[in-house]
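Protein chains in written order, with our numbering: chain A, 164 to 384; chain B, 164 to 384. C-beta atoms are modelled at their ideal positions from N, C-alpha and C, and glycine is treated no differently. This report concerns only the one structure given below.
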């Protein structure tokens, strides 16, 4: 049984990713980022999820990155878009895109993993339901693996078990694995009850509905 | 004339890189990292060099990354090797290698550059004189450019004007460009006068000697 670093935002996808890493037999370390996200309340969810899944404090890490990211609705530079239609969401890169976020997160995860002798990372990127973010594409992950292979001592394997799953499949997986989905937070506004109007809330609710499951989170609308 | 982000450690190579970016007509922003390096005194050199080259405070940035990197002689986890021969330096990855450092630095530079509308980065990596660091190889830089192209909105161009220069050529370039090389710091121990015994001191002195130039830095031995 080997160790793996799992990027854990505290949302539905990263929580299911953590559950899958564990199911695959990895001992997970969780890595979260406090990057001045508007929804920094998700960090409390990440902590609660990690605790509920038995990840001990010594294997949990929150890296502060304040003031680094900008130019995104998620860092407060623009309003978070609400009540968008599926058509609108499918078009180009949304304003909630955070420049180079996954590039930075994966790089920092690699820097932390290598001295620990850890060669596996898990990230809950998803290319199907939400293709607007360039850094969630399989092509990007493959290119990152290659850059890390050439730029470090041993390279790193990046696991993306959710890459080709729909949100409904992810919700169903989380349910089947018995994960504490009530502890997660997806809302871009960081609201609890969740706003129900941002892209993240809309996609999540739609996923649970499609899966025929009840989302354990309360919503405002 | 467009802007460029120049990674500036405060050493000889990054200072010459900054001079070359300016000479090529770019308006430089400087980016330095306070990562708990043993030789954090180099940050004062970075500041002094940036000031001397007229980079205004609004275009200088120091990113704190404390406690992130480990497993290196430069982060204090092992002693810095001293008095090594050229043969020893040429063999495998030295203990001063910092895991994933340039991967992290370039990723963070990309995250900072993109919202500013900056599409060019300069980094003073050098593949000739010191091939022990995997993240100084041209293959790594090429792979990083590809990962950034796929993982961001616009991608980034990474300029490595020193990639194929010897240390003697770099010293000569710095001299020819009239750069304030007396302000730089290369010593891995962060000493001034420089220790004269770490790999960085040995390579630097040898470079100036080969170029027939006087290194303006004082050395202990």
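Using the rule of at least 16 other Cβ atoms within 10 Å of the residue's Cβ for burial, across every protein chain shown, is residue i buried or exposed?
i             : result
residue 262/A : buried
residue 149/A : This structure cannot speak to residue 149/A, because chain A is shown only from 164 to 384.
residue 251/B : exposed
residue 254/A : exposed
residue 324/B : buried
residue 246/B : exposed
residue 229/A : exposed
residue 277/B : buried
residue 165/B : exposed
residue 327/A : exposed
residue 221/A : exposed
residue 315/B : buried
residue 173/B : buried
residue 177/B : buried
residue 321/B : buried
residue 267/B : buried
residue 190/B : exposed
residue 339/B : exposed
residue 411/B : Given a span of 164 to 384 for chain B in the structure shown, any question on residue 411/B remains unanswerable.
Just curious, the alpha helix (DSSP H) that residue i is in, first and last residue?
i             : result
residue 195/A : No alpha helix (DSSP H) contains residue 195/A, which is instead part of the beta strand (DSSP E) from 190-197.
residue 285/A : Element bounds for residue 285/A: not the alpha helix (DSSP H) but the beta strand (DSSP E), 283-285.
residue 361/B : Unbroken run through residue 361/B: none, as it is neither H nor E.
residue 241/B : That residue, residue 241/B, is in no alpha helix (DSSP H); it is neither H nor E in DSSP.
residue 350/A : No alpha helix (DSSP H) contains residue 350/A, which DSSP labels as neither H nor E.
residue 212/B : 205-215
residue 182/B : 175-186
residue 268/B : 264-276
residue 290/A : Segment: none, residue 290/A is in no alpha helix (DSSP H) and carries neither H nor E.
residue 309/A : 301-314
residue 337/A : 330-339
Quick check: is the beta carbon of residue i nearer than 7 Å to any beta carbon in chain D?
i             : result
residue 333/B : Of the protein chains in the structure, A and B, none is chain D.
Check the C-beta distance from residue i over to residue j and give it rounded, since I have them as a contact under 8 Å.
i             : j             : result
residue 195/B : residue 171/B : 5 Å
residue 353/B : residue 204/B : 4 Å
residue 351/B : residue 243/B : 5 Å
residue 256/B : residue 168/B : Actually they do not touch by this definition, with Cβ atoms about 27 Å apart.
residue 270/B : residue 270/A : 4 Å
residue 218/B : residue 342/B : The Cβ separation is near 13 Å, so there is no contact.
residue 265/A : residue 240/A : Actually they are not in contact, since the Cβ atoms of residue 265/A and residue 240/A sit about 18 Å apart, beyond 8 Å.
residue 370/B : residue 331/B : 5 Å
residue 282/A : residue 333/A : The Cβ separation is near 25 Å, so there is no contact.
residue 226/A : residue 231/B : 7 Å
Start and end of the beta strand (DSSP E) containing residue i?
i             : result
residue 322/A : 320-322
residue 167/B : 166-170
residue 247/A : Careful: residue 247/A lies outside any beta strand (DSSP E) and carries neither H nor E.
residue 224/A : 223-227
Three or more C-beta pairs below 8 Å linking the segment 202-212 of chain B and the segment 347-356 of chain B: yes
The segment 180-188 of chain A in contact with the segment 351-366 of chain A per 3-pair CB rule at 8 Å: no
Inter-stretch contact (C-beta, 8 Å, three-pair minimum) for the segment 273-293 of chain B and the segment 283-299 of chain A: no
Given 8 Å, three or more beta-carbon pairs between the segment 293-312 of chain B and the segment 311-320 of chain A: yes
Near-chain B residues of the segment 312-331 of chain A (beta-carbon distance less than 7 Å), N- to C-terminal order: 313, 314, 315 and 316
Interface residues of the segment 187-209 of chain B facing chain A [CB-CB below 9 Å]: none
Chain B contacts made by the segment 248-261 of chain A, where a contact means CB separation under 9 Å: 256, 260 and 261
Short-range partners of chain B found in the segment 171-186 of chain A, where Cβ spacing is below 9 Å: none
Chain B contacts made by the segment 221-236 of chain A, where a contact means CB separation under 7 Å: 226, 231, 232, 233 and 234
Residues of the segment 282-306 of chain A with Cβ closer than 8 Å to any Cβ of chain B, in chain order: 297, 298, 300, 302, 303 and 306
Selection of the segment 333-364 of chain B by Cβ proximity to chain A, strictly under 8 Å: none
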